[in-house]
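These notes concern the structure reproduced below.
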Amino acid sequence: MAAITIGVSTWEILNHNLFNGWADLPLQLFRVVLPLILIWLIWGGRPWARYLLAGYCAFTVYVNLPLVFRFPDMISKGHTGNATLVVLLLVGQVAIGAMALFSPAIAALMNYRRDERELASEGR
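Using the working numbering, the first residue of the sequence shown is number 873, and each one after it goes up by one.
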């Protein structure tokens, strides 16, 4: 989750700042740090952070969804990188939110498979 967050956010920040200037960099860094703090809290065993992170991701998708309707305009002007960025942002946020919601199930499955391997190696 952290790698996807850093990748999506870095690309978004660089792309935004190259076109619009670096004036709002502190706000954009906050948009990177907030999900990373929530991911750290999830790893620290705080289950409520999963719902905050999923809500943050849903809010980000909701706010940026109107950009999909600007695809024809972006592509006609030759800004295919911006269109790709929008898709990456939306898909990345959906993936992060889904992983946050299903992280206990993912962890339980990983532990179950590890226990299975340990039992198989012991010959049981």
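Where a beta carbon is used, it is the ideal one built from N, C-alpha and C, also for glycine. Quick caveat, the model's predicted, so the values are computed rather than measured.
Pick from the options that is closest to residue i, judged by C-alpha positions
i	options	result
Val966	Ile909, Tyr934, Arg903 and Gly916	Tyr934
Gly927	Leu973, Arg986, Met873 and Ile978	Leu973
Thr877	Leu901, Lys949 and Gly950	Leu901
Leu961	Pro976, Ala930 and Pro919	Ala930
Ile911	Ala874, Thr932 and Met982	Ala874
Gly879	Leu899, Tyr984 and Arg903	Arg903
Per-residue DSSP class, three states only, for residue i
i	result
Pro907	helix
Arg985	helix
Asp945	helix
Pro919	coil
Gly995	coil
Span of the alpha helix (DSSP H), counted from its first residue to its last, around residue i
i	result
Met873	Where Met873 is concerned, there is no enclosing alpha helix (DSSP H), given that its DSSP letter is neither H nor E.
Phe974	Looking at the DSSP string, Phe974 is not in any alpha helix (DSSP H), and its letter there is neither H nor E.
For residue j and residue i, believed in contact at Cβ under 8 Å, the rounded distance
i	j	result
Val958	Val940	7 Å
Leu913	Ala921	4 Å
Leu906	Gly969	Not really, about 14 Å apart at Cβ, beyond 8 Å.
Spatial neighbours of residue i in its chain, beta-carbon cut-off 6 Å, leaving aside the 5 residues before and after
i	result
Asn954	Met946
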